[in-house]
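See structure below.
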């Protein structure tokens, strides 16, 4: 079965420092990859996605993620974080065995805690 | 454009009762998916409906059911509530299905079972 691993449950970082949130998935077949962000008491917001093409995808607020097929990874990075980036970040993959559906398989999440 | 709305936002029920949660997708979206979020199990897929048909179902007992109406609004029902059903229930809507379409999540319904 497909699985997604986010090794770091919490990442503390100082404001303006760079950060990397790690995500690995288990599938050997093609999948779509996503990063979602969840602020307290809110739903999930799509941060960025990889469907095909360039392996480096960027969001409008400075985050980027790189798809690495050989390492089955999709790590999220930001060169300089802000206090407002404090949130929980979820990596997700489409289910390659679920047929033509929108089913997503999520990692356990990484809490990014930005300190002043 | 209005976002995905979920009602109610908060709900407290007693063990053994049943509950119905509602999700109104973004106008024009035909797919609605439901997820359960708990501290222990994380985010787990419940089911997806597309054009009133269930496309996929997660690994949940039959007490969890759902449906979608012709206007794409969706409801999920949980019967014979158990303490472990306490969770944040999220719905997500999308224009299409197949995995590549962007999904927009609602704020969730927080269900507490006592």
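Chains as they are written, first to last, in the working numbering: chain A, 112 to 227; chain B, 376 to 489. Even glycine gets a Cβ: it sits at the ideal position worked out from N, Cα and C.
Using the rule of at least 16 other Cβ atoms within 10 Å of the residue's Cβ for burial, across every protein chain shown, is residue 142 (chain A) buried or exposed?
buried
Report the residue from B:447, B:391, B:438 whose alpha carbon sits nearest the alpha carbon of residue 471 (chain B).
It is B:447 whose Cα lies nearest to the Cα of residue 471 (chain B).
Can you list the residues of chain C that residue 465 (chain B) reaches, using a CB-CB cut of under 9 Å?
Of the protein chains in the structure, A and B, none is chain C.
Residue 408 (chain B) and residue 152 (chain A): beta carbons closer than 7 Å?
no
Identify the contact partners of residue 473 (chain B) in chain A, using a Cβ-Cβ distance below 8 Å as the criterion.
Chain order gives the chain A residues near residue 473 (chain B) as 211, 212, 213, where near means a beta carbon separation below 8 Å.
Taking a cut of 7 Å between CB atoms, which residues from the segment 421 to 455 of chain B lie near chain A?
Cβ contacts with chain A: 423, 430, 431.
In the structure shown, what three-state DSSP assignment does residue 194 (chain A) receive?
helix
Heavy atom of the ligand SAM less than 6 Å from the Cβ of residue 216 (chain A), yes or no?
Judged by which ligands are present, the structure shown has none, so any question about the ligand SAM falls away.
With distances taken from CA atoms, which of A:220, A:224, A:225 is nearest residue 414 (chain B)?
In this structure, A:220 is the residue among A:220, A:224, A:225 with its C-alpha nearest to the C-alpha of residue 414 (chain B).
Rounded C-beta distance between residue 441 (chain B) and residue 451 (chain B)? I'm assuming under 8 Å.
4 Å
Does the Cβ of residue 154 (chain A) have 16 or more other Cβ atoms within 10 Å, making it buried, or fewer, making it exposed?
Buried, because 16 or more other Cβ atoms sit within 10 Å of the Cβ of residue 154 (chain A).
Pair within 7 Å by beta-carbon distance, residue 484 (chain B) and residue 381 (chain B)
yes
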